Amino acid sequence: MSVNTSVEETVKKIAQRILRKKDIAFAPTTTFKDFGADSLDIVQILVAVEDTFDIELDDEQLRNINDTAGFIAYIESKIAEKNKK
Amino acid sequence: MALNGKVALITGGSRGIGRAITLKLASEGADVIINFFRKRGTAESTAETARSQGVTAHIIKANLAEPEKIDRMFTEIENMFGRLDILVNNAASGVARTAMELDFDAWDWTMNVNARAALLCTQRAARLMRNGGVIVNISSLGSRLVMPIYTAVGVSKAALEALTRYLAIELAPLGIRVNAIAAGPVETEALKLYTTDPGIPQQMVTSTPAGRMVQPEDVTNVVAFLCSDAASMIRGQIIIVDGGASLTSLGYTPPGDKGAQSAST
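Protein chains in written order, with the working numbering: chain P, 6 to 90; chain C, 2 to 266.
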């Protein structure tokens, strides 16, 4: 992944690929369900995010995240945590 | 121990029945390779428990829905171990929906993880089984019995069972034995995904002649047997482990509970 590519852009591309939708735009309170994602889509998005950023997302913490903005912030925190190691 | 010095790969081997299979094979002396999907901590914990039995345990993360991840996993196995003796195709996933609610994504996902991955893993594993080997596919009774919201998984397991028979014939000349186990509902966390009614486990017990639900060790005992030389003339079979539940008709209640036995390893 290019260092210039923001986490948000990368997640958006992952969601576009898995949901087969080009018109995905994240706003502060959007959720993946707003784009028609079902539980399988969400699992596939999680797996793709983990593979792309080489991080592991915690299901317990994910349960407390309500929107895409929170999801992206969580990914950024996991990347920062990984980079500290 | 029966499997001393053998190298075994258990797909989805970090939790649930997969974990129990991993630990059973380790207890029989096999070095174990644990494939996992997402939770590294869980896989590490299973590997640690396996190591406490004096065997080597290695974990590999791979989403089996992706053929390139399967390839990468086997390249790692080849580099680390140089061979494979046992493959347990246990990893399974599914979408709990009725047939009319299934979209093609859900269908593809379930078929890819439960059936296609078993084929791809077998193709790669067979090349590493230079002195013969054993393949055990973990199926379920949903391959032949209709269960609520189990369509995709049931169909994928039927494919897995048919694949078991074809592979058993094709791989026999290579000294590779292929069989499958079709278990009734096993009391694990995964069962909760398909049962919203808390009364269902009790109904299952009532309609099972053995008088209890299938436990993970009921399955692992059969896996260990199929991996042993004692099973060398069993080929391409689907061994049903369900306490007799599939023999009964709906609403059947076994007389008394004389058949009740506890699982033992």
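Every residue, glycine too, gets a C-beta built ideally from N, C-alpha and C.
These numbers were taken from a predicted model, which means no experiment stands behind them.
For Gly14 of chain C, no Cβ of chain P is located within less than 9 Å of the residue's own Cβ. Judged by DSSP in its simplified three-state form, Arg25 of chain P adopts coil rather than helix or strand. Residue burial annotation: Tyr167 of chain C is exposed, with fewer than 16 other C-beta atoms found within 10 angstroms of its C-beta.
For the options P:Ala85, P:Tyr79, P:Asp72, P:Ile23, the alpha carbon positioned closest to that of Thr34 of chain P is the one of P:Asp72. Beyond the five residues adjoining it in sequence on each side, Leu172 of chain C comes within less than 7 Å, by CB distance, of Ala127, Val179 in the same chain, given in chain order.
For Lys158 of chain C, the closest Cβ of chain P is not nearer than 9 Å.
Closest by C-alpha distance to Glu13 of chain P, out of P:Ala85, P:Glu61, P:Ala78, is P:Ala78. With its beta carbon less than 9 Å from one in chain C, Val52 of chain P belongs to the interface. Gly30 of chain C and Val242 of chain C have their C-alpha atoms roughly 24 Å apart.
Not flagged as an interface residue toward chain P: Asp72 of chain C, since no C-beta distance is shorter than 9 Å. The three-state reading of DSSP puts Asn90 of chain C in strand, counting E and B together.
Around the C-beta of Ile71 of chain C, 16 or more other C-beta atoms lie within 10 Å, and the residue is accordingly described as buried. Between Ala27 of chain C and Ala51 of chain C, the C-beta spacing is below 9 Å. With a beta-carbon spacing of about 5 Å, Leu65 of chain C and Val114 of chain C fall inside the 8 Å limit used to define contacts. Taking the beta carbon of Asn113 of chain C as reference, no residue of chain P falls within 9 Å; the closest one sits roughly 11 Å away. DSSP links Leu164 of chain C through a beta bridge to no other residue. Thr12 of chain C and Thr15 of chain P have their C-alpha atoms some 30 Å from each other. Chain P places no beta carbon closer than 9 Å to that of Arg117 of chain C, leaving this residue out of the contacts. Between Arg39 of chain C and Glu55 of chain P, the CB-CB gap stays under 9 Å.
Taking 9 Å as the threshold, the shortest C-beta distance from Gly155 of chain C to chain P does not fall below it. The DSSP-derived three-state label of Gly19 of chain C is helix.
At least 9 Å separates the CB of Asp39 of chain P from every CB of chain C.
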